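Here the structure is laid out as structure tokens; the discussion comes afterwards.
Protein chains in written order, with our numbering: chain A, 465 to 855; chain B, 105 to 200; chain C, 112 to 339.
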């Protein structure tokens, strides 16, 4: 098959598509829409997984929580001393964190109380705060989502209820930087004593212990030792944290992918149905083409090019729109589905990547079935005998 | 009058330009993100964060990495999970 | 002296062979048609003339017998080679013209050239020569559904001639034309014959069967050549 001949067949295919432009455009819009949804979903979940992997690469090597009756409860600070005999641990930081529900705004906040100077890079934490300093006693740094909900924006005092309904007032000394929104948007960062006071925790209790290990390859060993030393605790390693986020957004396991694949399957069935039924005009056209010298292979090539043009253009347009949707609009269509309803909505900078393997996967799931669905039924049309044009 | 092939080629060229622009934009963004990544690194390490702030309305969506495994059902007997997030996120790897 | 361009010897054609609805459409047809002649096949509906036309037109081979068209034996020729031979040898003018209504006149005429890989410019040049000859140049960019019956037929003639085939077949060409247009059609056929074409027509129309340009009438009845 010569190149010039293929160009001619492509010309004819394009003319044919143009003659049926409303139908062709309809198919392309729907097909591009399906690809847009699939690709958007794939890019969003991949971007979120990558974001979590990159951001949480510096999560604490080990976090220790105390469990009772299958639930987390406060852990005694004294457990720190019991861990001192384990080699490899360079620091243990007690921490108080929990949730505070603001009834007026209907929003949940995360309260975080610790002394960051004992944490890795804790001495540089000021860079993450707009006023460049850490909170002291009765002071708090707010996530930007909380600042808006504090007692009037621009206010320098925030008051929270203790469990006994007495008010605890703290001075706002800064906000977290905007680039940390997807980590700290709902967070109130304060000193350990203030957090204990807010939650009514006794001074010997905290909510968890953050353990820093000198040698990353020893983390698993140290974790095992901790678990055997403190059997009433749950030991969470950084690797487990990262694995959680790999599986949480596994798009192959979510029922969103089931819904999307259902939409795709419906579209392929529709395409098959459309290609199977030939109108009398289409049959006549093929018979005339055969009569004036077109071969069966030429008619099949025509159908192939029609399908290829529609599917490839739809694929490129759909994929491009998906990239724009995820990159510029933070996957606005999918966020409510993936992340659900929430009073506090941080901005999440998604960085979609176009990966050859995953692009080919979407191509195989969309373009290949569409071509198959249109070409196979076209075979029946292509073998129409030439002499039927004479009738 | 241009032949239809040429018009198709023109459309593909236009799409290539648009996609090329997006690639360039991506590269520019990478440079910006590099600076922001440094601040985030300090935040995560300094505060000991284990989770992204994505959905704040339930413990197991706010802190899925360190939450109790039975939390979705702990609010009261027969409580529904936080929809749709709870339905769209796969179970933590520990369960498998 | 003209050489035989079309030679049929004991040609038979059976449809649905071996099945309950088997039909013997042609029986022992033997005829020769010389090059550069104009012949008319005459016969009632169902007589087998369309089948004979299809065999001469290399649409399908005979079931048995020998059929040689422009020097090539058709019997047992695969469909692919039949198409190639038909493309180079036969120009078909259909009873209902069979022009694609949504294509322009130019696109219809150049349709046979597309699978040959002929470039658009060459296609246009060849079509323009024929359109000028047939006086339809002014309709080149009109969709076929917007032109008259007479013009449609000339489009069909131009399409049949675009590959410069030596043989032209026309099936009931004047069935949908009025008297003046039918006369005009026969004048075109006479001119084409004068230029070297071999022309075979099927028709009931006395205007054609009694036209002076028609050298020979072959009557078909019940699948056989009828000699009164």
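Note that beta-carbon positions come from the ideal geometry of N, C-alpha and C, so glycine has one too.
Nothing here was measured: the structure is a model prediction, and the numbers come from that model.
Proximal residues of chain C, C-beta to C-beta of residue i below 8 Å
| i | result |
| --- | --- |
| residue 473 of chain A | 225, 226 |
Chain B contact residues for residue i, given Cβ-Cβ distances below 7 Å
| i | result |
| --- | --- |
| residue 627 of chain A | Within 7 Å Cβ-Cβ: nothing; residue 627 of chain A doesn't reach chain B, min ~18 Å. |
| residue 641 of chain A | 143 |
| residue 506 of chain A | The contacting residues do not exist; residue 506 of chain A stays about 14 Å from chain B at best. |
| residue 810 of chain A | 157 |
Neighbour list for residue i in chain A, Cβ cutoff strictly below 8 Å
| i | result |
| --- | --- |
| residue 109 of chain B | 471, 474, 475, 478 |
| residue 224 of chain B | As displayed, chain B neither begins before 105 nor continues past 200, which places residue 224 of chain B out of reach and without an answer. |
Residue burial classification, residue i (beta-carbon count within 10 angstroms, cutoff 16)
| i | result |
| --- | --- |
| residue 112 of chain C | Low confidence applies here, because residue 112 of chain C scores a pLDDT of 42, under 50, leaving its location unreliable; read the following figure in that light. With fewer than 16 Cβ atoms within 10 Å of its Cβ, residue 112 of chain C is classed as exposed. |
| residue 278 of chain C | buried |
| residue 705 of chain A | buried |
| residue 118 of chain B | exposed |
| residue 506 of chain A | buried |
| residue 635 of chain A | exposed |
| residue 200 of chain B | Note that residue 200 of chain B scores a pLDDT of 36, beneath 50, so its modelled location is shaky and nothing firm can be said. |
| residue 481 of chain A | buried |
| residue 337 of chain C | exposed |
| residue 140 of chain C | buried |
| residue 487 of chain A | exposed |
| residue 639 of chain A | buried |
| residue 620 of chain A | exposed |
| residue 174 of chain B | exposed |
Neighbour list for residue i in chain C, Cβ cutoff strictly below 9 Å
| i | result |
| --- | --- |
| residue 483 of chain A | 213, 214 |
| residue 773 of chain A | The premise fails here: residue 773 of chain A is roughly 16 Å from chain C at the closest Cβ pair, so nothing lies under 9 Å. |
| residue 758 of chain A | 194, 198, 222, 223, 225, 226 |
Residues that residue i contacts on chain A, provided the C-beta gap is smaller than 9 Å
| i | result |
| --- | --- |
| residue 230 of chain C | 468, 471, 472 |
| residue 119 of chain B | 777, 780, 781, 784 |
| residue 296 of chain C | Those do not exist, as residue 296 of chain C stays about 18 Å from chain A at its closest Cβ, beyond 9 Å. |
| residue 138 of chain B | Per Cβ cutoff of 9 Å: no residues; residue 138 of chain B is ~11 Å from chain A at best. |
Nearest residue (CA-CA) to residue i, options the options
| i | options | result |
| --- | --- | --- |
| residue 252 of chain C | C/219, C/164, C/296, C/182 | C/219 |
| residue 529 of chain A | A/559, A/523, A/521, A/589 | A/559 |
| residue 681 of chain A | A/552, A/490, A/487 | A/552 |
| residue 260 of chain C | C/301, C/310, C/206 | C/206 |
| residue 540 of chain A | A/797, A/798, A/746, A/667 | A/667 |
| residue 778 of chain A | A/503, A/472, A/577 | A/503 |
| residue 472 of chain A | A/842, A/829, A/770 | A/770 |
| residue 114 of chain C | C/307, C/336, C/157 | C/307 |
| residue 724 of chain A | A/512, A/735, A/830 | A/830 |
| residue 656 of chain A | A/643, A/644, A/672, A/645 | A/672 |
| residue 470 of chain A | A/620, A/511, A/643, A/761 | A/761 |
| residue 523 of chain A | B/164, B/109, B/145 | B/145 |
| residue 807 of chain A | A/780, A/571, A/509 | A/571 |
| residue 809 of chain A | B/170, B/166, B/113, B/172 | B/166 |
| residue 650 of chain A | A/576, A/587, A/774, A/699 | A/576 |
| residue 479 of chain A | A/546, A/730, A/774 | A/774 |
| residue 781 of chain A | B/138, B/129, B/171, B/115 | B/115 |
| residue 199 of chain C | C/170, C/275, C/136 | C/275 |
| residue 784 of chain A | B/111, B/106, B/113, B/125 | B/125 |
| residue 165 of chain C | C/155, C/240, C/311, C/266 | C/311 |
Heavy atom of the ligand GDP within 7 Å of residue i beta-carbon
| i | result |
| --- | --- |
| residue 727 of chain A | Questions concerning the ligand GDP fall outside what the structure shown contains, since it holds no ligand whatsoever. |
Within chain C, the residues that residue i reaches when beta carbons sit closer than 7 Å
| i | result |
| --- | --- |
| residue 749 of chain A | 211 |
| residue 752 of chain A | 209, 211 |
| residue 762 of chain A | 226 |
CB contact flag (residue i, residue j, <8 Å)
| i | j | result |
| --- | --- | --- |
| residue 498 of chain A | residue 728 of chain A | yes |
| residue 732 of chain A | residue 796 of chain A | no |
| residue 158 of chain B | residue 803 of chain A | yes |
| residue 856 of chain A | residue 684 of chain A | Residue 856 of chain A is absent from the model: chain A starts at 465 and stops at 855. |
| residue 767 of chain A | residue 839 of chain A | yes |
| residue 273 of chain C | residue 230 of chain C | no |
| residue 536 of chain A | residue 172 of chain B | yes |
| residue 526 of chain A | residue 689 of chain A | no |
Residue i - partner residues in DSSP beta bridges
| i | result |
| --- | --- |
| residue 335 of chain C | C/332 |
| residue 654 of chain A | A/577, A/604 |
| residue 562 of chain A | A/575 |
| residue 530 of chain A | A/537, A/697 |
Amino acids of chain B, ordered along the chain, whose beta-carbon sits closer than 9 Å to that of residue i
| i | result |
| --- | --- |
| residue 515 of chain A | 156 |
| residue 653 of chain A | 151 |
Per-residue contacts from residue i into chain B (C-beta, under 8 Å)
| i | result |
| --- | --- |
| residue 572 of chain A | 160, 161, 166 |
Under 7 Å by beta carbon: chain A residues contacting residue i
| i | result |
| --- | --- |
| residue 153 of chain C | Correct list: empty, because the minimum Cβ distance to chain A is about 17 Å. |
| residue 191 of chain C | 759 |
### Message
To be precise: take each residue of the region 258 to 290 of chain C, compare its Cβ to all Cβ atoms of chain D, and keep it if any distance is under 9 Å. Which residues remain?
### Response
Included in the structure are the protein chains A, B and C, with no chain D among them.
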